[in-house]
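All letters in the sequence shown, in the order written, are residues 140 to 251 by the working numbering. The beta carbon of each residue, even a glycine, is placed where N, CA and C say it ideally should be. Note that the structure is a prediction, hence the values are computed from the model and not measured.
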Amino acid sequence: MDTIMIDSMDGPLYCPFCAALLVDEGFQDPCPHTLFMCVEEGGIEYCSPEIDAEELEEKIDSDGMDRATDDINIKKAIKFALYEGAPSSMAVYVGIKTDDLPIKKVKKSKKK
Ligand SMILES: [Zn+2]
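Structural data, given as structure tokens:
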């Protein structure tokens, strides 16, 4: 899963597809695109039915949360990683799926 890194744990983070506010000094309600919401050392806050929460939890225990959420294999999904900044290891991870959107192809911008 590709990751977009954000240098603030408090957000605000909006869903890029429906503009729902997902993180604003804490988790807000998940939108229909939300796959997971979790916080380092706090566990899984939200997990969509597409993800096996038990399996994810086991993987977090063995590989760490950053790696475990990276390894979730859902096509056309992206992960937002909100880091508190070094040396803190605090982080919030939010997964967003895009595959229910009828994206045909990405148009590349032409620079002049
Ligand atoms: Zn959304």
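Based on the DSSP output, what are the partners of residue 233 in its beta bridges?
In the DSSP assignment, residue 233 is bridged to 176 and 219.
Residue 184 - DSSP class collapsed to helix/strand/coil
strand
Residue 177 Cβ short of 6 Å to ligand 1 heavy atom set
no
Cβ contact (3+ pairs, closer than 8 Å) linking the stretch 194-208 and the stretch 172-186
yes
Residues in the same chain with beta-carbon distance under 7 Å from residue 229, minus the five sequence neighbours each way, listed in chain order, please.
148, 179 and 223
Start and end residues, beta strand (DSSP E) containing residue 145:
141-145
Alpha carbon to alpha carbon, what distance is there between residue 142 and residue 187?
18 Å
Leaving out five residues on either side along the sequence, give the residues of the same chain with a beta carbon under 8 Å from the beta carbon of residue 167.
159, 160 and 161
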